[in-house]
């Protein structure tokens, strides 16, 4: 049963991690270069801003691509983890 709970990620922890990354990006201290981040643009379509995060991995894409990936692929294209649900980011 312990193995089952280890795959879960607290929503609050995921949000805190996202907020920390956002603060680092604003301050220019991110581990990724600004070229990799593309100013918050979706790396799948390269046309829309990121607006949704996969749970449990937390990778972000635009809402349209997030739904398409979840329905057609079922896993994150960056880390290949299964997508359990999508969290809209406002």
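Numbering (full-length UniProt numbering), first residue to last: 1 to 90.
Glycine included, each C-beta is placed from N, C-alpha and C at the ideal position.
C-beta atoms of residue i and residue j nearer than 8 Å
i: residue 18; j: residue 52; result: no
i: residue 86; j: residue 67; result: yes
For residue j and residue i, believed in contact at Cβ under 8 Å, the rounded distance
i: residue 42; j: residue 65; result: 5 Å
i: residue 15; j: residue 56; result: The pair is not a contact, with the Cβ atoms about 13 Å apart (cut-off 8 Å).
Limits of the alpha helix (DSSP H) - the one that residue i falls within
i: residue 87; result: It is not in any alpha helix (DSSP H) - residue 87 instead sits in the beta strand (DSSP E) that spans 85–88.
i: residue 8; result: Segment: none, residue 8 is in no alpha helix (DSSP H) and carries neither H nor E.
Residue i burial status per 10 Å Cβ neighbour count (16 or more: buried)
i: residue 69; result: buried
i: residue 62; result: buried
i: residue 76; result: buried
i: residue 20; result: exposed
i: residue 35; result: Caution is warranted here: a pLDDT of 44 is assigned to residue 35, below 50, making its placement in the model unreliable, and the coordinate value is therefore given only provisionally. The residue in question, residue 35, is exposed, as its Cβ has fewer than 16 Cβ neighbours within 10 Å.
Runs of alpha helix (DSSP H) lying entirely within the UniProt domain "RING-type" (42–80), each at least 4 residues, in chain order
63–72
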